[in-house]
Amino acid sequence: MESPPKRIRLTEPADPNDEEEKEERQRLMEQVRKDPWRLRYATAKLRGDRQFLLKALSFSGEALEFATKDLQDDPEVVLAAVKKDSKMMSYASDRLRCDPDFMKEAVRQHWTALKYGSKVVRSDRSVILEAVRQHGMALQLASVELRADPEIVYEAVKNDGDAFAYAHEALRGERVLALRAVRNVQAAQEYARPRSLCREPSFLAAQRSHLALPGDCAPIVSVDVEADPRDASKLQCTGSLLSGATVTCVLPRQGTIKELADALWKGFSTTREMPHWVHMIFVNQDEALSPFDAIRPISEVLSN
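Right under this line is the structure:
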């Protein structure tokens, strides 16, 4: 059986001229690099040596388990451990796990660090908002109240449609959130309430359209519509991007918003790379069209 390494009798601070001590420190660091559990054989003074521990953490976050209490309460040390392994948050001090500012930094390293946050932290809106922006599934760790917060749920399902499963029941009937979730993960429709919501014609048309949801980072297409001079039963629609590029298409007067969006998106996509969704707004109207307008006739929308 392998014997434990010799305990290092370290003075504080370490004597830089003590060659024997330097060799012993280097020898233990090499052992820790291969197996962080070897740190348990070090003296308390060495396990409380900040620079030594930070170097050990550069190899493995598990070194935090053997750190002294004061270093487990050191934000920089704990973040270095969490960067390597989010489970090491379990060895952080209670003070840090209750500190919203610290926990925001921790979830930036990895969202699962939130598992070890206090109830106060999981009820802190700024912490949860940061966490769901890192990964939507962090929503499951939020308090019940925050899982009913529309902005937080919006950010969560934007990153991962499966996060919709953890939204408060009251929000699972909200069409915009449901659509965002389903666009990200088709199976998210199982979490909508009622489930029939995702089978409604307006929802299905919205899901299949190229119209962006509010808040999406997407190009803006300004659309001018007039009667086709060659055929009064049709509409001539010209879409313009901010870059000045234009596309013109001709559709029947009873053509739908979805058909218009599809035609313009296809036209622009032949000459440039276009994202899947665009914001579309009619000239002389103030607001972009909603995906839930997709099923409506163009003439009806223009007349409102």
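Take the numbering used here: the last position of the sequence shown gets the number 1212, and nothing is skipped along the way. Just so you know, even glycine gets a beta-carbon here, dropped at the ideal spot from N, CA and C.
- Taking all protein chains in view, the Cβ of Ala1135 is surrounded by fewer than 16 other Cβ atoms within 10 Å, so the residue is classified as exposed.
- Between the alpha carbons of Ser1141 and Asp1194 lies a gap of roughly 27 Å.
- Gln1017 sits buried, since 16 or more C-beta atoms from the chains shown fall within 10 Å of its C-beta.
- Around the beta carbon of Gly1152, a 10 Å sphere encloses fewer than 16 other beta carbons of the protein chains shown; the residue is thus reported as exposed.
- Going by DSSP, Pro1160 is part of the beta strand (DSSP E) stretching over 1154-1160.
- With contacts defined by Cβ atoms closer than 8 Å, Pro1183 and Pro1127 form a contacting pair.
- For Gln1193, the secondary structure class from DSSP, reduced to helix, strand or coil, is coil.
- For Ala1135, the enclosing beta strand (DSSP E) stretches over residues 1128-1135.
- Across the structure, Tyr999 and His1187 are spaced so that their CA atoms are roughly 47 Å apart.
- Here DSSP, grouped into helix, strand and coil, assigns Lys977 to coil.
- Under the DSSP definition of a beta bridge, Leu1119 partners with Val1186.
- Nearest C-alpha to Pro1058 among Gln1042, Ala1202, Arg1088: Arg1088.
- At a Cβ-Cβ threshold of 8 Å, Arg1055 and Gly1025 do not count as neighbours.
- Rounded to whole angstroms, the separation of the alpha carbons of His1043 and Trp1019 is 6 Å.
- Straight across, the Cα-Cα distance linking Arg1101 with Glu1077 is about 7 Å.
- Beta-bridge partners assigned by DSSP to Lys1174: none are found.
- Leu1149 carries a coil assignment under DSSP once its states are collapsed to helix, strand and coil.
- When the beta-carbon positions are compared, Ile1189 and Thr1164 stay at least 8 Å from each other.
- Around the beta carbon of Glu1053, fewer than 16 other beta carbons sit within 10 angstroms, so the residue counts as exposed.
- Apart from sequence neighbours up to five positions away, the residues of its chain that approach Asp1068 with a beta-carbon distance below 8 Å are His1043, Gly1044, Met1045, Asn1092, Val1093, ordered along the chain.
- When only Cα atoms are considered, Ala1039 and Trp945 end up about 30 Å apart.
- Beyond the five residues adjoining it in sequence on each side, Ala952 comes within less than 7 Å, by CB distance, of Thr976 in the same chain, given in chain order.
- Out of Thr1154, Val1084, Pro1160, the CA that lies nearest to the CA of Pro1199 is found in Val1084.
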